[in-house]
Amino acid sequence: MFDLDLWKEILSALKKNRMRSFMTAFGVFWGIFMLIIMSGAGKALENGVMDGIRAFASNSAFFWTERTSKPYKGFQRGRQWNYTNTDIEYIKANVKDIEYLSPRLFGPRGYEGDNTIRGKQTGSFNIYGDYPDFFKIDPWTPLKGRLINEIDILQSRKVVNIGERVVEVMFEKDEDPIGQYLKINGVYFQVVGVIKGETRVNIGGGRKNETIIMPFTTMQKTYNFGDDVHFFSVTSAPGVPVSRVEARLKELLKSRHKIAPDDMQAVGSFNIEVEWKKYMGLFTGIQILTWIVGIGTLMAGVIGVSNIMLVIIKERTQEIGIQRAIGATPGKVIMHIVAESVFLTVMAGYIGLALGVGLLELLNIALEAASSDADSIFFRSPEVSFQMAVGALSVLVVSGILAGLIPAKRAVSIKPIDALRDE
Amino acid sequence: MISLKNVHKSYVTGSNSLHVLKGIDLEIETGEFVSIMGSSGSGKSTLLNILGILDNYDEGAYYLNGSLVKDMSEKKAAKLRNEMVGFVFQSFNLISFKNAMENVALPLYYQGVNRKKRNKIALEYLDKVGLLDWADHLPNEMSGGQKQRVAIARSLISQPKIIFADEPTGALDTTTSYEVMEILKEINAGGITVILVTHEHDIAAMTQKIVRLKDGRIDQIIKNGDLKHFQHQYAKELETA
Chain A
1 MFDLDLWKEI
11 LSALKKNRMR
21 SFMTAFGVFW
31 GIFMLIIMSG
41 AGKALENGVM
51 DGIRAFASNS
61 AFFWTERTSK
71 PYKGFQRGRQ
81 WNYTNTDIEY
91 IKANVKDIEY
101 LSPRLFGPRG
111 YEGDNTIRGK
121 QTGSFNIYGD
131 YPDFFKIDPW
141 TPLKGRLINE
151 IDILQSRKVV
161 NIGERVVEVM
171 FEKDEDPIGQ
181 YLKINGVYFQ
191 VVGVIKGETR
201 VNIGGGRKNE
211 TIIMPFTTMQ
221 KTYNFGDDVH
231 FFSVTSAPGV
241 PVSRVEARLK
251 ELLKSRHKIA
261 PDDMQAVGSF
271 NIEVEWKKYM
281 GLFTGIQILT
291 WIVGIGTLMA
301 GVIGVSNIML
311 VIIKERTQEI
321 GIQRAIGATP
331 GKVIMHIVAE
341 SVFLTVMAGY
351 IGLALGVGLL
361 ELLNIALEAA
371 SSDADSIFFR
381 SPEVSFQMAV
391 GALSVLVVSG
401 ILAGLIPAKR
411 AVSIKPIDAL
421 RDE
Chain B
1 MISLKNVHKS
11 YVTGSNSLHV
21 LKGIDLEIET
31 GEFVSIMGSS
41 GSGKSTLLNI
51 LGILDNYDEG
61 AYYLNGSLVK
71 DMSEKKAAKL
81 RNEMVGFVFQ
91 SFNLISFKNA
101 MENVALPLYY
111 QGVNRKKRNK
121 IALEYLDKVG
131 LLDWADHLPN
141 EMSGGQKQRV
151 AIARSLISQP
161 KIIFADEPTG
171 ALDTTTSYEV
181 MEILKEINAG
191 GITVILVTHE
201 HDIAAMTQKI
211 VRLKDGRIDQ
221 IIKNGDLKHF
231 QHQYAKELET
241 A
């Protein structure tokens, strides 16, 4: 039941102590505001980082080669080596628990000069030779045309998929790149697709939209890589931890290439599962920290509310005495004080919540506007979950009740006669 | 209506104990108009507070309307106060941010009467004390006599059996005091027991029975018939003073 008198009394009590009510409410407001802002910022960092790797198959691992760090079986340390096509075939044939395996070659980056030419336009891009399975590990979407497919691999077709930045540099604005030719390191390739990466982390460095992908077999033959393989990606079969596959492959590759089993450097690898866990741990930590600091600030505000309620009760001892002399039960008095405290906390908290969310929203708009260069942004979509908001509000209500309960108990512990005498 | 048997009361402050009431035996019948007198410190206010269930006592027994009032829970005491008794205080004790009508209506609020109804009843009671035109005024806009009449209206609205008045005229001048006493007399004529504490003899003389307290004991009970004598004695006291 909506008790008009109760609310009238609460409002008049708060009005009488306008400044103090405001300062106290500000404590609670600030607590919840900080909680929301910090939590939103933490979430934004998480979104920024996680968006970059979210689309990666979470059960994927990546392998490359480094110089050996130990002499072994007559080889000196510091030997350069490469994976080979036979490694890949062997792994495909003999290692179980692998879902996809996609070898890759890196074309010359062309630091000395531009590696891609079309008429008068030139550019320096990341050139990769890949298998179609790669798109299942690090997903790309075709914006125009198609992705590289199995037939391209089998026939070693001279076709390429290109990123958006490549289109911008090499083609006129209203030109359709599909079917056009690019001269890459002296050889002509036909563009069959414009592609966009779903993840923002580029394996091998550089910007993702500056990528040119051609069939692996084409690159190996065209640029005389023999049977070298620079890099490969694998995903583990469902239910198998990729870390186990990673360890097994490392062991196998070391033995095939006469590398010391305890050489920690030669086989370079990176495992999304481990990174994922690391990030999750980090962000959970950030969220926990946020709550600790936020709740701490909130507690200070709540103690403030409790304090002002105590003062109010001290000031109104006589009034409470009168009310009790004419029949107010202790329950009514407690109810009144607790309602006043909850009202103060929840109002202040709600404003803090609303302003916090509003500020995050503004920040979001600003970030969206600034994120034309989306690849480099690691802070995006600051947000607060609905659960978080509900959680914060329930913390407020509970703390409002607690803040009111102590002064309320004090108020009813005064005997009506003492309350009346107080002048 | 009221029956006190050997009631004791002490106030303990730290290690000091002040024995205020030292065995009070008192009977008050329904419809009586009683004043309690005594010098300051004689325990008259304490006695009134105990009678009004505002304070508890240490020893003895207090029967109100046949039921024992002792070690009551606050909730029960509040309910009994609300239903049985009305209070009028020396300092009026109106709530400063409520207007006359709201002040009068307050006891009904605690009985759970809805707003419209209780305000209507409050206006009736304000009319009875002649303050209908002042219903919208806040207490600080009224004179002492008016405030006391509002307080009386408030004490009456819950239709109590007994009105307790603690020095109801203490803060008023003689003329207003007599006005207030007239109202109390009318209330008493309506069948409600009125018990008041005063140290003014002329006020006490308007009641039907005077209970004189001295050092926490009942010194003298003067009934209606002896009032003449009392007035005479009062005059003599004045002369010697």
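Taken in sequence, the protein lines are chains A and B.
Sequential numbering from 1 applies to the first sequence in the UniProt record's numbering.
Sequential numbering from 1 applies to the second sequence in the UniProt record's numbering.
All C-beta atoms, glycine included, are put in the ideal place defined by N, C-alpha and C.
{"Item": "List the residues of chain B whose Cβ lies closer than 8 Å to the Cβ of Val412 of chain A, in chain order.", "Value": "Glu74"}
{"Item": "If you run the structure through DSSP and keep just helix, strand and coil, what is Leu101 of chain A?", "Value": "strand"}
{"Item": "With 7 Å as the limit, tell me which residues of the stretch 93–109 of chain B have their beta carbon closer than that to any beta carbon of chain A; keep them in chain order.", "Value": "Asn93, Ile95, Phe97, Leu106, Pro107 and Tyr109"}
{"Item": "For Ile272 of chain A, which residues of its own chain have a beta-carbon under 6 Å away from its beta-carbon, when the five flanking residues on both sides are left out?", "Value": "Phe56, Ser58 and Ser60"}
{"Item": "Examine chain A for any beta-carbon lying closer than 8 Å to the beta-carbon of Lys117 of chain B, and answer yes or no.", "Value": "no"}
{"Item": "Considering only residues of the same chain and omitting the five flanking positions on each side of Phe135 of chain A, which have a CB-CB separation below 7 Å?", "Value": "Leu147"}
{"Item": "For the alpha helix (DSSP H) containing His336 of chain A, name the first residue and the last one.", "Value": "Pro330 to Ala370"}
{"Item": "Spatial neighbours of Val20 of chain B within its chain, please: C-beta separation below 7 Å, excluding the five flanking residues on both sides.", "Value": "Lys9, Ser10, Tyr11, Gly43, Thr46 and Gly216"}
{"Item": "Straight-line CA distance for Ala205 of chain B to Thr169 of chain B?", "Value": "14 Å"}
{"Item": "Is it true that the CB of Glu164 of chain A sits closer than 8 Å to the CB of Lys196 of chain A?", "Value": "yes"}
{"Item": "Is it the case that the stretch 330–347 of chain A contacts the stretch 395–413 of chain A, given that we only count it when at least three CB pairs across the two stretches are under 8 Å?", "Value": "yes"}
{"Item": "Determine whether the beta carbon atoms of Ile162 of chain B and Met84 of chain B lie at a separation below 8 Å.", "Value": "yes"}
{"Item": "Is Ile218 of chain B closer than 8 Å to Ile24 of chain B when the C-beta atoms are compared?", "Value": "yes"}
{"Item": "Along chain A, which residues have their Cβ under 8 Å away from the Cβ of Arg154 of chain B?", "Value": "Ile326"}
{"Item": "Runs of 3 residues minimum, wholly inside the stretch 9–60 of chain B: which ones carry the beta strand (DSSP E) assignment?", "Value": "16–28 and 33–38"}
{"Item": "Please work out which residues of its chain come closer than 7 Å, Cβ to Cβ, to residue 453 of chain A, disregarding the five sequence neighbours upstream and downstream, and give them in chain order.", "Value": "With chain A represented from 1 up to 423, any question about residue 453 of chain A goes unanswered, as that position is not in the structure."}
{"Item": "Within a Cβ cutoff of 7 Å, which residues of the same chain sit near Lys258 of chain A, ignoring the five residues on either side of it in sequence?", "Value": "Tyr72, Lys73 and Phe75"}
{"Item": "Quick one: using the 10 Å Cβ neighbour count with 16 as the cut-off for buried, is Leu4 of chain A buried or exposed?", "Value": "exposed"}
{"Item": "Say whether chain A places a C-beta atom closer than 8 Å to the C-beta of Ser10 of chain B.", "Value": "no"}
{"Item": "Would you be able to state if there are at least three C-beta pairs under 8 Å between the stretch 138–147 of chain B and the stretch 170–186 of chain B?", "Value": "yes"}
{"Item": "Please report the Cβ distance between Ser96 of chain B and Ile210 of chain B, rounded to the nearest whole angstrom; I am assuming they are in contact, meaning their Cβ atoms lie under 8 Å.", "Value": "Not confirmed; about 34 Å, so no contact."}
{"Item": "On the three-pair Cβ rule with 8 Å, is the stretch 213–229 of chain A touching the stretch 242–257 of chain A?", "Value": "no"}
{"Item": "Below 8 Å, how does it come out for the stretch 38–52 of chain A and the stretch 289–304 of chain A: are there three or more Cβ pairs, yes or no?", "Value": "yes"}
{"Item": "Mapping DSSP to helix, strand and coil, what is Ser214 of chain A?", "Value": "Ser is not the amino acid found at residue 214 of chain A; the sequence shown has Met there. If DSSP states are grouped into helix, strand and coil, Met214 of chain A belongs with the strands."}
{"Item": "So, do the stretch 29–39 of chain A and the stretch 291–306 of chain A have three or more beta carbon pairs nearer to each other than 8 Å?", "Value": "yes"}
{"Item": "The beta strand (DSSP E) with Ala61 of chain A in it runs from where to where?", "Value": "Ser60 to Thr65"}
{"Item": "Can you give me the Cβ contacts of Ala13 of chain A inside the same chain, cut-off strictly under 7 Å, excluding the 5 residues immediately before and after it?", "Value": "Ile312 and Glu340"}
{"Item": "Can you say whether Glu315 of chain A is buried or exposed, counting buried as having 16 or more other CB atoms within 10 angstroms of its CB?", "Value": "exposed"}
{"Item": "Note down the Cα distance separating Leu45 of chain A from Met280 of chain A, rounded to an integer number of angstroms.", "Value": "12 Å"}
{"Item": "Rounding to the nearest angstrom, what Cα-Cα distance links Thr284 of chain A and Val357 of chain A in this structure?", "Value": "21 Å"}
{"Item": "Start and end of the alpha helix (DSSP H) containing Arg149 of chain B?", "Value": "Gly144 to Ile157"}
{"Item": "Below 8 Å, can you find three or more Cβ-Cβ pairs linking the stretch 113–125 of chain B to the stretch 64–75 of chain B?", "Value": "no"}
{"Item": "So which residues of chain A does Phe87 of chain B contact, with C-beta pairs closer than 7 Å?", "Value": "Ala325 and Ile326"}
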